[in-house]
Every structure is written in C-alpha cells, then in structure tokens.
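For reference, the structure discussed in these notes is given below.
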Amino acid sequence: MIDQGSYPNKYVVDTNIIIYTLAGVKAAVWAMKKLEDDDIEVYYSTIVEAELFSFHELTLEQKSKIRGILDIGEIVDVDSNVALKAAELRALSKKYYNRKLKLPDAIVAATALLLSAVLVTRNVEDFKHLRRHGLHLYNPFEQR
Numbered sequence: 001m002i003d004q005g006s007y008p009n010k011y012v013v014d015t016n017i018i019i020y021t022l023a024g025v026k027a028a029v030w031a032m033k034k035l036e037d038d039d040i041e042v043y044y045s046t047i048v049e050a051e052l053f054s055f056h057e058l059t060l061e062q063k064s065k066i067r068g069i070l071d072i073g074e075i076v077d078v079d080s081n082v083a084l085k086a087a088e089l090r091a092l093s094k095k096y097y098n099r100k101l102k103l104p105d106a107i108v109a110a111t112a113l114l115l116s117a118v119l120v121t122r123n124v125e126d127f128k129h130l131r132r133h134g135l136h137l138y139n140p141f142e143q144r
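Heads up: the sequence shown begins at 1 in the UniProt record's numbering, then just goes up one per residue.
Structure representation (structure tokens):
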C-alpha cells in the first residue's frame with residue numbers, strides 16, 4: 001500500500017472508497033484488493049456502514065456486495081470515546097482552520113486516530129488539516 005515506515009499496519013476505510021469499489025473504479029478496486037490480500041487490519045466506522053446502506057434504491061445484490069466488502073474488515077462502533085474525539089476534531093477544525101468538518105467525517109477521522117490507523121480516502125482535502133493532529137491519510141487515487 002504505502003511505505004509503512006512509522007505507519008501502523010491498520011487502515012480505516014472511508015465511505016467513498018467503498019462506493020468507488022462498487023462502481024468498479026480501478027484505483028479503489030486495487031486498494032481494496034491490497035487491503036484484503038495483505039496482512040493488514042481493516043476497519044470501518046459504523047457511520048460508513050450507515051452511509052452505504054442509506055441509499056434508498058439498493059438491490060439485494062448491491063446490499064450483498066456492500067456486506068462482502070465490509071466483511072473484509074471490522075466494524076467499529078461509535079462509542080463515547082469516538083464521539084468525544086470527533087467533537088474535539090470538529091471544534092479544532094473550526095477554531096484553528098476555520099473549516100467546518102462534517103460530523104460523519106469527524107467520526108471516521110476520530111476512529112482512525114483512536115485506532116492509530118491510516119485513513120483511506122479520496123477526500124484528502126476534507127481531512128488534510130488533521131495531519132497536524134496525528135491523522136495519517138492514504139489516497140489510492142494519487143499513490144500507486
């Protein structure tokens with residue numbers, strides 16, 4: 001995936017990567033295949049699960065494909081620790097960067113930070129200011 005260096009062998013996957021994988025976009029499919037094949041711990045926030053299953057016209061086949069992708073990793077619940085970390089990230093995003101970090105994004109970032117994991121996302125722009133606060137990002141659309 002990336003040069004591990006000081007990075008952990010843990011990844012939290014954002015919703016957009018799974019959506020692109022389901023659409024057959026090569027970079028996302030490649031990244032998910034690497035996550036599945038390599039000796040890597042894969043996690044998803046329950047918010048990702050909620051976002052994926054919230055599309056109103058999902059067929060049974062699509063639901064099954066989503067579940068198959070989610071089965072590659074482990075679902076992490078939004079507990080009090082995640083909620084408070086997400087709140088902290090939203091507050092500092094506004095205070096220090098004048099950025100409005102959406103709650104789902106804050107939850108996904110908080111999950112990655114609390115697990116000491118790399119966040120896999122195409123939406124690096126939404127998270128890049130959090131690098132100063134320990135968040136590691138990987139965009140499979142940029143690095144291969």
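Where a beta carbon is used, it is the ideal one built from N, C-alpha and C, also for glycine. Note that this is a predicted model, so its numbers are computed, not measured.
Query, Result
"CB-CB length for V12 against A91, believed under 8 Å", "Actually they do not touch by this definition, with Cβ atoms about 21 Å apart."
"Straight-line Cα distance separating R99 from D126", "9 Å"
"Where K85 falls: helix, strand or coil (DSSP)", "helix"
"C-alpha distance - R122 paired with Y138, whole-angstrom precision", "8 Å"
"Collapsed DSSP secondary structure at I75 in the structure displayed", "strand"
"Candidates L130, V108, G73 and A86, of which the one nearest Y97 by Cα", "L130"
"Helix, strand or coil at V13 [DSSP, three-state]", "strand"
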